[in-house]
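**Q** Mind the numbering: the sequence shown is residues 39 to 481 in the working numbering, read in order. Note that beta-carbon positions come from the ideal geometry of N, C-alpha and C, so glycine has one too. My questions will all concern the structure given below.
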Amino acid sequence: MKLLKYSEINKLAIPALISGIAEPILSITDTAIVGNVNYNSMEALGAVGIVGTFLSMLVWVFGQKRSVIASIVAQAIGARKIDEIKSLPSQAIFIILLMSLVIIGITYPFAENLFSFYNASGLILDYSVDYYKIRVIGIPFTLITIGIFGVFRGLQNTITPMAIALVGTSLNIVLDIILVYGIEGVLSPMHIYGAAYASVIAQVTMAGLAIFLLYKKTKITLRFSLPFNKKIRDFLSMFLDLIIRTLALNIALYFGSSFAAKYGDEFIAAYTIAINLWFLGAFIIDGYSSAGTILSGKFFGEKSYNKLIELSYKLSLIGIFLGISIFAIGMIFYGYSGIIFTKEQIVLVEFYNVFWIVLIMQPLCAIAFIFDGIFKGLGWMKKLRNVLLFSTFIVFIPTLLITDSYGYKLEGIFLAFTLWIIARGVPLIIKFYKTCVPLVQKM
C-alpha cells in the first residue's frame with residue numbers, strides 16, 4: 039500500500055487554510071477598524087458583533103452546500119464517475135439561492151425586531167439595523183462563491199479558491215480603511231456604514247471572479263437545466279442534515295452573544311473581540327479539516343479504507359500541533375492582543391479575563407474540526423447533526439444557564455463553549471474508528 043504523504047495533505051490544506059482564514063480576517067478587520075473610530079466606537083463594535091453573528095448564521099446555514107457539493111464531487115472523482123454529476127452544482131446553487139432570498143426577504147423589513155431579540159437596544163440597535171440592511175445585499179453573492187468553492191474542492195483544487203479569497207480579502211481591507219475613515223478633502227468618513235459597503239463590494243467581486251474561473255478551469259457550468267440530477271436527492275438530504283446541525287451550532291452562538299449583550303456594552307464588545315479571535319483560530323485549523331473532507335471523500339469513493347485510517351491519524355497530529363502553536367503564540371502576545379481592537383479600558387479588562395480560555399480551547403477545537411471535515415467527506419451528515427444537537431442542548435445551554443446563575447458572565451460563556459467542543463469531538467472519534475476499522479479488516 040502506498041503511504042499517504044504529509045505533502046499530499048499540505049498541498050490541499052495550506053491553500054484551503056489561506057482561503058479559510060479570509061472570512062474571519064474580514065470580520066476581524068471590521069472589528070479592528072470600527073472599534074477605533076473617533077466616536078461611538080463601543081456601540082459600533084457591539085453592532086458589528088451582533089450583526090456578524092446573525093450573518094455568519096445565514097452564511098453557515100446556506101453555505102453548507104459547499105461541504106455537500108465537495109463530498110459528492112470528491113466521491114465521484116474517487117469512483118471515476120465525475121460525468122454523472124456535472125449538472126448537480128448548478129442545480130444545487132440555484133435551489134440554495136432561492137431559499138436564501140426568501141429568508142432575506144423575511145428578515146429585511148423586521149431587522150429591528152430581529153436584533154432586539156439579541157438584547158440590542160439604543161444606539162447599538164440603530165447601528166445594527168442600518169449595518170445589516172447594507173451587509174445583507176452581499177449574501178447571495180457569497181453563496182454563489184461558496185458553492186463554486188465546493189466544486190473546486192471536490193475536484194481536489196484548493197489553489198483557485200485561495201486566489202479568489204485573497205483578492206476579496208485584500209480588496210475588503212483597503213476599502214474598509216478608505217470608506218470608514220475617509221480621505222481628507224476627497225471622501226467623508228462613513229463610519230460603520232463604510233465597513234458594510236466595503237464588505238458588499240468585496241463579496242460581489244469574489245462572486246464574479248469565481249464564476250469566471252469556474253468556466254475557465256472546469257467543464258462544469260452554472261447553466262440550470264432539467265431534469266434534476268439523480269444525486270440531487272442525496273444533496274438535499276445531506277444539506278438538510280447540515281442545516282439542522284448548523285442551526286444548533288448557531289443557537290449556541292446566539293446564546294453566547296445574547297448573554298454577553300445582557301451583561302452590558304463592555305461585555306458584548308469584549309465578547310466580539312474574543313469570539314472573532316476564536317473564529318480565526320478555528321478557520322486556520324479548518325484548512326486541514328477541508329483537506330480531510332476532500333481526501334476522505336476520494337478515499338471512500340475508491341473504497342481505500344486503510345488510507346482513511348491513515349488520513350485520520352496524520353490530520354489529528356497536524357491539528358494538535360496547530361492548536362498548541364496557536365495557544366503558544368496567543369500567550370506570548372497576550373497583553374497586545376486586545377489593544378489592536380479597542381482602547382476602551384473597561385472592554386479590555388473583560389476581554390483579558392476570558393482570552394486565556396479561548397487559547398486553551400484551540401487543541402480541543404483542532405480535533406473536533408478535523409473529524410468534522412472527515413465526516414463531511416464521507417457523507418455522514420446525520421451523525422454530525424446528532425452530535426451537534428447533543429452538544430448544544432444537553433451540554434452547552436445547561437452549562438451556560440448554570441454559570442450565569444453563579445454570576446460568571448463571560449467566563450461562564452467560554453467555559454460552556456469549551457465543554458461544547460469536547461462534546462462535539464469525542465463522539466465523532468469513537469464513531470469513526472468503530473465504523474472504519476472493521477472495514478479495513480474486511481479488505
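(1) When every heavy atom of the ligand MG is checked, does at least one fall within less than 7 Å of the C-beta of V478?
(2) Please check the pair V89 and Y219, which I expect to be a contact at CB under 8 Å, by giving their CB distance rounded to whole angstroms.
(3) Bridge partners for I221 per DSSP, in chain order?
(4) Decide if the stretch 411-426 is in contact with the stretch 279-289; the criterion is three or more beta carbon pairs, one per stretch, under 8 Å apart.
(5) May I ask you to report which of helix, strand or coil DSSP gives V75?
(6) Taking C-beta to C-beta, are G73 and F379 nearer than 8 Å?
(7) Check whether the Cβ atoms of S485 and G415 lie closer than 8 Å to each other.
(8) Given this structure, state the Cα-to-Cα distance separating I230 from V475, to the nearest angstrom.
(9) When the Cα atoms are used, what is the spatial distance from F337 to K345?
(10) Whole alpha helix (DSSP H) runs in the stretch 390-469 with 4 or more residues, listed along the chain?
(11) Could you give the residue range of the alpha helix (DSSP H) that holds V111?
(12) Which residue comes first and which comes last in the alpha helix (DSSP H) that contains D168?
(13) Could you confirm whether any beta carbon from chain D is found closer than 8 Å to the beta carbon of G87?
(14) State yes or no: is the C-beta of K381 within less than 8 Å of the C-beta of L42?
(15) Please list the segments of the alpha helix (DSSP H) lying wholly inside the stretch 240-314, counting only runs of 4 or more residues, in order along the chain.
(16) Would DSSP call G335 helix, strand or coil?
(17) How many Å lie between T243 and A203 at the Cα?
(18) Look at the alpha carbon of L439 and the alpha carbon of S208, and state the distance between them as a whole number of angstroms.
(19) Could you check how far apart the C-beta atoms of I239 and L213 are, in whole angstroms? I think they sit under 8 Å.
(20) Within 10 angstroms of the Cβ of N151, are there 16 or more other Cβ atoms? Answer buried if so, exposed if not.
(21) Is the beta carbon of F153 sitting closer than 8 Å to the one on A245?
(22) For the stretch 182-191 against the stretch 313-323, do three or more pairs of beta-carbon atoms, one drawn from each stretch, fall closer than 8 Å, so that the two count as touching?
(23) Give the DSSP-derived three-state secondary structure of K472 in the structure shown.
(24) Determine the burial state of V387: buried for a count of at least 16 other Cβ atoms within 10 Å of its Cβ, exposed for fewer.
(25) Please classify N76 as buried or exposed, where buried requires at least 16 neighbouring CB atoms within 10 angstroms.
(26) Using alpha carbons as the reference points, say which of N78, T284, N210 lies closest to Y165.
(27) Taking DSSP as the reference, what is the three-state secondary structure of S375?
(28) Taking 8 Å as the cut-off, decide whether the C-beta atoms of G294 and F455 are in contact.
(29) Leaving aside the five residues before and after P172 along the sequence, list all residues of the same chain whose C-beta is less than 7 Å from its C-beta, in chain order.
(30) Could you have a look at K124 and say whether DSSP puts it in helix, strand or coil?
(31) Beta-carbon separation of I408 and Y343 under 8 Å?
(32) Quick one: residues in its chain with C-beta nearer than 6 Å to the C-beta of I115, no 5 flanking neighbours on either side, listed in chain order?
(33) Report yes if the CB atom of T196 is closer than 8 Å to the CB atom of L50, and no otherwise.
(34) Mind checking G101: buried by the 16 CB within 10 Å criterion, or exposed?
(35) Please report the straight-line C-alpha distance between I370 and K480, rounded to a whole angstrom.
(36) Excluding sequence positions up to five away, which residues of its chain have a Cβ less than 8 Å from the Cβ of K268?
**A** Here's the rundown:
(1) The model depicted lacks the ligand MG and carries no ligand whatsoever.
(2) Walking along the sequence shown from the start, residue 89 turns up at place 51. Walking along the sequence shown from the start, residue 219 turns up at place 181. Not a contact, Cβ separation roughly 20 Å.
(3) Counting from 1 along the sequence shown, the entry for residue 221 is found at position 183. Per DSSP, L225.
(4) yes
(5) Counting from 1 along the sequence shown, the entry for residue 75 is found at position 37. Here V75 sits in coil by DSSP.
(6) As a position in the sequence shown, residue 73 is number 35, starting the count at 1. As a position in the sequence shown, residue 379 is number 341, starting the count at 1. Yes, they are a contact pair.
(7) For residue 485 there is no data in the structure shown, the boundaries of the chain being 39 and 481.
(8) Working through the sequence shown from its first residue, we reach residue 230 at position 192. Working through the sequence shown from its first residue, we reach residue 475 at position 437. Those two C-alpha atoms are separated by around 53 Å.
(9) Numbered from its first residue, the sequence shown carries residue 337 at position 299. Numbered from its first residue, the sequence shown carries residue 345 at position 307. Rounded to the nearest angstrom, the two C-alpha atoms are 7 Å apart.
(10) 419-428, 435-443
(11) Here residue 111 is taken as the residue at index 73 of the sequence shown, counted from 1. Run containing V111: 103-117, per the alpha helix (DSSP H) assignment.
(12) The sequence position of residue 168 within the sequence shown is 130, counting from 1. That run of the alpha helix (DSSP H) goes 160-173.
(13) Looking at the structure shown, chain D is missing, and only one protein chain is on hand.
(14) As a first step, residue 381 must be located in the sequence shown, where it is residue number 343. As a first step, residue 42 must be located in the sequence shown, where it is residue number 4. Cβ distance not < 8 Å, so K381 and L42 don't count as in contact.
(15) 270-301
(16) One-based indexing of the sequence shown puts residue 335 at position 297. G335 falls in the helix class under three-state DSSP.
(17) Taking the first residue of the sequence shown as 1, we reach residue 243 at position 205. Taking the first residue of the sequence shown as 1, we reach residue 203 at position 165. Near 10 Å, if we compare the C-alpha coordinates of A203 and T243.
(18) Translated into positions along the sequence shown, residue 439 becomes position 401. Translated into positions along the sequence shown, residue 208 becomes position 170. Using only the alpha carbons, I get a separation of about 40 Å.
(19) Position 201 of the sequence shown, counting from 1, holds the residue named residue 239. Position 175 of the sequence shown, counting from 1, holds the residue named residue 213. The pair is a contact, with the Cβ atoms about 6 Å apart (cut-off 8 Å).
(20) One-based indexing of the sequence shown puts residue 151 at position 113. When all chains shown are included, N151 counts as exposed.
(21) In the sequence shown, residue 153 corresponds to position 115, counting from 1. In the sequence shown, residue 245 corresponds to position 207, counting from 1. No; because the gap between Cβ atoms is not below 8 Å, this pair is not in contact.
(22) no
(23) Start at 1 with the first residue of the sequence shown, and residue 472 comes out as number 434. Reduced to three states, the DSSP call for K472 is helix.
(24) One-based indexing of the sequence shown puts residue 387 at position 349. With fewer than 16 other Cβ atoms within 10 Å, it is exposed.
(25) For the purposes of this step, residue 76 is identified with residue 38 of the sequence shown, where counting begins at 1. Result: exposed.
(26) Your numbering for residue 165 matches position 127 in the sequence shown. The candidate whose alpha carbon is nearest that of Y165 is N78.
(27) What you label residue 375 is simply residue 337 of the sequence shown in a count that begins at 1. In this structure, S375 counts as helix in the three-state DSSP scheme.
(28) If you number the sequence shown from 1, residue 294 lands on position 256. If you number the sequence shown from 1, residue 455 lands on position 417. Yes. Within cutoff.
(29) Taking the first residue of the sequence shown as 1, we reach residue 172 at position 134. Strictly speaking, residue 172 in this sequence is Ile, with Pro absent from that position. So the list reads Y231, A234, Y235, V238, once near-sequence residues are dropped.
(30) For the purposes of this step, residue 124 is taken as residue 86 along the sequence shown, with counting starting at 1. It is coil, neither helix nor strand.
(31) Residue mapping note: residue 408 aligns to position 370 of the sequence shown, counting from 1. Residue mapping note: residue 343 aligns to position 305 of the sequence shown, counting from 1. Not in contact: I408 and Y343 (Cβ atoms no closer than 8 Å).
(32) Taking the first residue of the sequence shown as position 1, residue 115 is located at position 77. Excluding residues within five positions, the ones whose Cβ falls inside 6 Å are K336.
(33) In the sequence shown, the residue the question calls residue 196 occupies position 158. In the sequence shown, the residue the question calls residue 50 occupies position 12. Yes, Cβ-Cβ distance for T196 and L50 is below 8 Å.
(34) As a first step, residue 101 must be located in the sequence shown, where it is residue number 63. So G101 counts as buried.
(35) As a working note, residue 370 is residue 332 in the sequence shown. As a working note, residue 480 is residue 442 in the sequence shown. Spanning the two alpha carbons is a distance of roughly 49 Å.
(36) Residue 268 sits at position 230 when you count from the first residue of the sequence shown. Excluding residues within five positions, the ones whose Cβ falls inside 8 Å are E122.
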